[in-house]
Amino acid sequence: MTPKADFIVENARIFTSNPEMPQAESVAVKGNRIIYVGTNDGGKDFKDQNTRVIDGQGRTLTPGFIDSHFHLLWGAISMGGAQLYDAKDINDVRTILLEFAENNKTAEWIDGRGVRYDVIANRHELDAIIADKPIYINAYDGHTSWANTRALELAGILQPGKEAEGNGVIVRDENGIATGELRETAMGLVSDLIPE
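Going by the working numbering, the first residue of the sequence shown is number 51, and it counts up by one from there.
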């Protein structure tokens with residue numbers, strides 16, 4: 051006899067993580083166990099009058115992420131910026147940012163993600179790429195970023211006087227001028243200015 055589910059989600063786009071069936075429409079659960087994943091029609095065998103049916107309305111359903119530190123939303127949002135994960139040096143950064151700027155001429159800011167720590171030294175390198183628009187680049191791990199002079203000026207942190215709260219650090223040179231490197235909560239002083 052086919053077990054009956056406590057609840058079934060139907061009409062969903064279910065990502066299964068199974069290469070033999072990467073997507074499904076329906077998932078049935080009994081207790082804390084998934085007892086069926088497949089088509090809506092196949093899920094009917096797992097229903098009875100006590101089964102709660104949830105209409106997925108075509109939305110995406112993913113397996114639970116068992117990860118103590120995962121930024122799904124941040125990862126999705128960052129896909130809109132220049133992708134710098136493969137940049138090996140400042141010349142690669144230049145090429146990628148200029149291409150991004152060319153393809154996004156109406157963008158008020160040039161933003162990018164994924165750069166390694168040894169690729170960008172300071173704001174002057176970013177100024178040499180694009181000086182008239184603010185640039186904000188986030189490291190691959192999301193804990194450090196670099197901004198050009200224009201972005202630092204807009205944030206009011208180029209000159210000495212304003213510091214970050216909490217564990218944030220605005221890296222400054224021997225004269226107290228911001229180098230362009232921002233750590234932890236200091237990143238928000240610039241990133242919060244970027245239009246959505």
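We treat Cβ as the ideally placed atom computed from N, Cα and C, and that holds for glycine. Model, not experiment: these values are computed from the prediction.
Would you list the one or two residues that DSSP bridges to N188?
R163 and S195
Tell me the DSSP bridge mates of Y86?
According to DSSP, residue pairing for Y86 in a beta bridge involves A78.
Just how far apart, CA to CA, sit I64 and G226?
53 Å
DSSP beta-bridge partners of I179:
Its beta-bridge partners do not exist; DSSP assigns none.
Inter-residue spacing [alpha-carbon to alpha-carbon] between W159 and E60:
C-alpha separation (whole angstroms): 42 Å.
Distance between D223 and R233 (C-alpha atoms, nearest Å):
Looking at the two C-alpha atoms, the distance is approximately 15 Å.
Are there 16 or more other CB atoms within 10 angstroms of the CB of D161, so buried, or fewer, so exposed?
buried
Host alpha helix (DSSP H) of V221 (start-end):
Premise fails: V221 lies in the beta strand (DSSP E), V219 to R222, not in any alpha helix (DSSP H).
Among Q209, L239, D136 and N198, which one has its Cα closest to the Cα of G216?
Ranking Q209, L239, D136 and N198 by Cα distance to G216 puts L239 first.
Determine which residues share a DSSP beta bridge with V103 and list them.
I58
Alpha carbon to alpha carbon, how far is I187 from V221? Give it in angstroms, no decimals.
15 Å
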